[in-house]
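Numbering (this note's numbering), first residue to last: 793 to 890.
Every residue, glycine too, gets a C-beta built ideally from N, C-alpha and C.
Since this is a predicted model, take the numbers as computed values, not measurements.
Below: one structure, written as structure tokens.
What follows is the structure, given as structure tokens:
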């Protein structure tokens, strides 16, 4: 599913114009990003939690040269699905798209 697909669902279920639906979705995504960039966890009840985690400086091996290089410290984004989402995804008889 892509962003455009979600916009189509918003239009169909709520009778919104394309621009309204896109604006609502963009606002939601912007707020999630804003929370993460401010170091906050973003919790969407019954869906999951987006959060960041700090990774320390690491020595890694360059795949082409084989030489060790330092990868700087960075933050990564994690998503922890709620119990309800995990149950829905693993529900028996659910269609697989793969």
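Contacts around residue i, its chain only, beta-carbon distance under 8 Å, and the 5 residues preceding and following it disregarded
i	result
residue 809	803
residue 840	871, 872, 873, 874 and 877
residue 867	844, 845, 846 and 847
residue 860	851, 852, 853 and 854
residue 817	795, 798, 799 and 802
residue 837	874
Cut-off 6 Å between Cβ atoms - residues of its own chain near residue i, not counting five sequence neighbours on either side
i	result
residue 863	850 and 852
Exposure label - residue i; buried when at least 16 CB within 10 Å
i	result
residue 799	buried
residue 815	exposed
residue 813	buried
Closest Cα partner of residue i within the set the options
i	options	result
residue 848	878, 854 and 865	865
For residue j and residue i, believed in contact at Cβ under 8 Å, the rounded distance
i	j	result
residue 891	residue 828	Beyond the ends of the chain as shown, which are 793 and 890, falls residue 891; an answer cannot be given.
Residue i in three-state terms, based on DSSP
i	result
residue 857	coil
residue 873	strand
residue 810	helix
residue 840	strand
Close-in-space but distant-in-sequence residues of the same chain around residue i (CB under 7 Å, 5 per side omitted)
i	result
residue 880	none
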